[in-house]
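Notes for the one structure printed next.
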Amino acid sequence: MLVVMEAAARPEQIEAVVRHIEKLGFRAHPIPGAFRTAIGVTGTAGKADPQVLENFPGVKEIIPVSHAYKLVSREAKPDDSVINVSGVDVGGNGVIVIGGPCAVESLDQTRTIAERVKRAGGQLLRGGAYKPRTSPYSFQGLGEEALEILARVREEFDIPIITEAVDHESLQLVDQYADCIQIGARNMQNFSLLKSAGRARKPVLLKRGMSATLEELLLSAEYIMSEGNYNVMLCERGVRTFADHTRNTLDLSVVPAIKRISHLPILVDPSHGTGKRNKVLPMSRAAIAAGADGVLIEVHHKPEEALSDGPQALLPEMFEQVVREVDAIARVLGRALQPALAAS
Ligand code: PEP
Ligand code: MN
69 MLVVMEAAAR PEQIEAVVRH IEKLGFRAHP IPGAFRTAIG VTGTAGKADP QVLENFPGVK
129 EIIPVSHAYK LVSREAKPDD SVINVSGVDV GGNGVIVIGG PCAVESLDQT RTIAERVKRA
189 GGQLLRGGAY KPRTSPYSFQ GLGEEALEIL ARVREEFDIP IITEAVDHES LQLVDQYADC
249 IQIGARNMQN FSLLKSAGRA RKPVLLKRGM SATLEELLLS AEYIMSEGNY NVMLCERGVR
309 TFADHTRNTL DLSVVPAIKR ISHLPILVDP SHGTGKRNKV LPMSRAAIAA GADGVLIEVH
369 HKPEEALSDG PQALLPEMFE QVVREVDAIA RVLGRALQPA LAAS
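Each residue of the sequence shown is one higher than the last, beginning at 69 in this note's numbering.
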């Protein structure tokens, strides 16, 4: 259920509604929008009927929400959400390019790539510290040492960092070191991890599970938001199909489908979405043309020596071309690449 406040509702009127929702035993989620605030009402523990709120001062209407996801929906917030990741806006009119290695392998490797990502105009640096690998014998990531490397490189190049948390322990550390927490495809339905991410302080990038429907993705985002973390971004990274010319099938039609029903930003990862270096640029163009708020790209200066995902990593000069073309396509659509953070 949503309590929609009048555009002119005063903060104390919103506060009174929130207090009453909590008194009834529900959880209140005030969602300020460009035109009005809506208050999401969630929980099953409530004793009384929250319809009584209709008569509270400043309340415009009560909307029952029939689908399972509520806080992620455009009914809760008609305008696009813009998520601030340590000074970089994700969503809204700008588009972003995230670049970096699949995995942090050393300080030298991460510095070299970060320098090129920043110089090319990338807004955020990615790099896995904890790698969810299909084989237990593959490189699993450097763990906390990688987080320290990322934090050091962030200071040197003024570029916020995003890295994946794979369990509760790594989530605490990623929340502490990084600017944005990534929840990977394999953990999209790890509900207890999603709840922990919902209690974390940092924004969350939630990747679509490799066989997840749109509704399942939105419900996973709802898990995070229902715990009070409203800074959620979604990411399409390809799904499993019979096609074998690519690693996954990048489902770009999910971008306009999400835009229609959710206010959350949606990014596209053509690196895992194709698994092939030569397909990353064309699918980046297509992602922006389809309305994505940005792309997430794996970059390596020596892909043949990469400890994971070398075949899909772009060389730095190819990444520069992606940034240029993403900006050009965004401009055709009345959008533009976000400026990268100025060096401090
Ligand atoms: C990644 O981005 O490093 C990653 C492992 O992606 P996914 O969870 O989409 O497979
Ligand atoms: Mn990877």
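Every residue, glycine too, gets a C-beta built ideally from N, C-alpha and C.
Span of the beta strand (DSSP E) around residue i
| i | result |
| --- | --- |
| Q250 | 248 to 251 |
| D157 | 156 to 158 |
| I229 | 229 to 232 |
| L287 | Careful: L287 lies outside any beta strand (DSSP E), inside the alpha helix (DSSP H) at 282 to 294. |
| E366 | 362 to 366 |
| M278 | Here M278 belongs to no beta strand (DSSP E), and DSSP marks it neither H nor E. |
| E385 | Not the beta strand (DSSP E): E385 falls in the alpha helix (DSSP H), residues 384 to 400. |
| V165 | 162 to 168 |
| V323 | Run containing V323: none in the beta strand (DSSP E); it sits in the alpha helix (DSSP H), 322 to 329. |
| L409 | Segment: none, L409 is in no beta strand (DSSP E) and carries neither H nor E. |
| M301 | 300 to 304 |
First and last residue of the uninterrupted alpha helix (DSSP H) at residue i
| i | result |
| --- | --- |
| G266 | 259 to 266 |
| G341 | 338 to 342 |
| M351 | 345 to 357 |
Sequence-distant residues of its chain with Cβ nearer than 7 Å to residue i (five each side left out)
| i | result |
| --- | --- |
| Q119 | I130 |
| K145 | I99, G101, A106, H331 |
| G362 | V158, V163, I164, V165, I166, L335 |
| F259 | Y291 |
| A96 | V86, I89, E90, I107, V109 |
| L287 | A136, Y137 |
Residues near residue i by beta carbon distance below 8 Å, same chain, minus five either side
| i | result |
| --- | --- |
| V323 | E304, I334, V336, A355, A358, G359, A360 |
| P384 | I181, R184, V185, A188, V367, H369 |
| E143 | L70, A106, I131, V133 |
| A404 | N161, G162, V163, D395, A398 |
| Q389 | L349 |
| V150 | D157, V158, G159, G160, P333 |
| A325 | L282 |
| E290 | A136, Y137, K138, L139, V140 |
| A311 | T317 |
| G196 | P169, C170, A171, V172, G209, A214, T231, E232, S376 |
| G428 | This structure leaves residue 428 out entirely; the chain is present only between 69 and 412. |
Same chain only: Cβ atoms within 6 Å of residue i, ignoring 5 sequence neighbours per side
| i | result |
| --- | --- |
| L414 | Look at the range of the chain in this structure, 69 to 412, and you will see that residue 414 is not part of it. |
| A219 | Y245 |
| V153 | P228, D247, C248, P271 |
| E216 | none |
| I292 | L262, A265, G266, V272, V300 |
| L409 | G155, D226 |
| A77 | G126 |
| R179 | V221 |
Beta carbon proximity, residue i to chain C, threshold 8 Å
| i | result |
| --- | --- |
| V390 | Considering every chain present, this structure includes no chain C. It has just one protein chain. |
Report all residues for which the CB-ligand distance to some heavy atom of the ligand PEP is below 5 Å; order them along the chain. G196, G252, A253, K275, R305, H340
Anything with a beta carbon under 5 Å from a heavy atom of the ligand MN counts; list them all in chain order. C170, D377
Counting only runs that start and end within the segment 70 to 157, where is the alpha helix (DSSP H) found for 4 or more residues in a row? 79 to 91
Minimum length 3: unbroken beta strand (DSSP E) runs contained in the segment 184 to 240: 192 to 194, 229 to 232
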